[in-house]
Amino acid sequence: FGFFLFLILTEAVLRLSGWAMLCVQEYNNLRSLKRAGAYKIICVGESTTAGQYPCFLEEILNNNSRKMKFSVIDKGEPGVTTSIIIWRINAYLDSYRPDIVIAMMGINDWGKAIPYGINPESEPGFFLNSLRTYKLARLVWLHALAKAKEAGFYRPQAKLDAQGYFELGRTYR
Numbered sequence: 145f146g147f148f149l150f151l152i153l154t155e156a157v158l159r160l161s162g163w164a165m166l167c168v169q170e171y172n173n174l175r176s177l178k179r180a181g182a183y184k185i186i187c188v189g190e191s192t193t194a195g196q197y198p199c200f201l202e203e204i205l206n207n208n209s210r211k212m213k214f215s216v217i218d219k220g221e222p223g224v225t226t227s228i229i230i231w232r233i234n235a236y237l238d239s240y241r242p243d244i245v246i247a248m249m250g251i252n253d254w255g256k257a258i259p260y261g262i263n264p265e266s267e268p269g270f271f272l273n274s275l276r277t278y279k280l281a282r283l284v285w286l287h288a289l290a291k292a293k294e295a296g297f298y299r300p301q302a303k304l305d306a307q308g309y310f311e312l313g314r315t316y317r
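The opening position of the sequence shown corresponds to residue 145 in our numbering, with each subsequent residue numbered one higher.
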């Protein structure tokens with residue numbers, strides 16, 4: 145019971161902190177949108193976008209342009225996949241009516257094929273992949289594997305499967 149209570153509390157804290165970050169991001173977006181007549185740019189993506197380059201892009205563009213003003217909207221969201229971004233893009237376009245869209249995505253997809261027009265919430269495993277505690281555990285596991293590789297305890301071995309695609313085999317010492 146204690147372990148499940150720990151998981152539930154961890155999930156709640158991670159979600160609350162994520163919500164707080166998104167509130168700050170949305171506040172900055174609304175502040176940026178108040179520029180009348182500004183050229184609107186929306187940046188969509190994952191954690192490599194969220195709170196990263198959009199604020200610098202807006203500052204650089206506005207500091208280097210005398211005639212035109214720019215409004216950069218940061219719609220990056222940590223942990224999302226390309227299929228979720230594609231699923232949400234029409235709502236972003238309708239809400240913000242940007243002049244240009246910059247997309248930086250694919251890092252969280254882990255080699256998945258991205259079929260267009262499928263609701264990502266209906267994908268198998270969506271519930272598990274939506275849990276912050278699962279993502280945290282996965283990151284810890286990947287970090288442990290990377291450290292094991294550095295120490296020489298783990299060596300991934302690439303080989304071809306029956307269809308001719310690379311399959312990642314694992315060998316341990």
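Where a beta carbon is used, it is the ideal one built from N, C-alpha and C, also for glycine.
When the distance is taken between beta carbons, is V216 closer than 7 Å to L201? Yes, they are a contact pair.
V168 to A156, Cα distance in whole Å? Their backbone Cα atoms lie some 18 Å apart in a straight line.
Hey, K293 and G223 are a contact pair by Cβ (cut 8 Å); roughly how many whole angstroms apart? About 24 Å; that fails the 8 Å criterion.
Report the residue from K178, D253 and A194 whose alpha carbon sits nearest the alpha carbon of W163. Of the listed residues, the one whose Cα sits closest to W163 is A194.
Since I believe K184 is in contact with Y327 (beta carbons under 8 Å), could you give me their beta-carbon distance rounded to a whole number of angstroms? A query on residue 327 cannot be resolved here, the shown segment of the chain reaching from 145 to 317 and no further.
Note down, in chain order, each residue of its chain lying with its Cβ closer than 8 Å to the Cβ of L153, except the 5 sequence neighbours on either side. There are no such residues.
Hey, D218 and N173 are a contact pair by Cβ (cut 8 Å); roughly how many whole angstroms apart? The pair is a contact, with the Cβ atoms about 6 Å apart (cut-off 8 Å).
If you reduce the DSSP assignment to three classes, tell me which class S209 lands in. In this structure, S209 counts as coil in the three-state DSSP scheme.
Going by alpha carbons, who is nearest to E190 out of L158, T226, A180 and K213? For E190, the closest of L158, T226, A180 and K213 by C-alpha to C-alpha distance is T226.
Would you kindly check if the distance between the Cβ of A182 and the Cβ of K213 is under 7 Å? Yes. Within cutoff.
Under DSSP, the beta strand (DSSP E) around A247 begins and ends at which residues? Start and end: I244 to M248.
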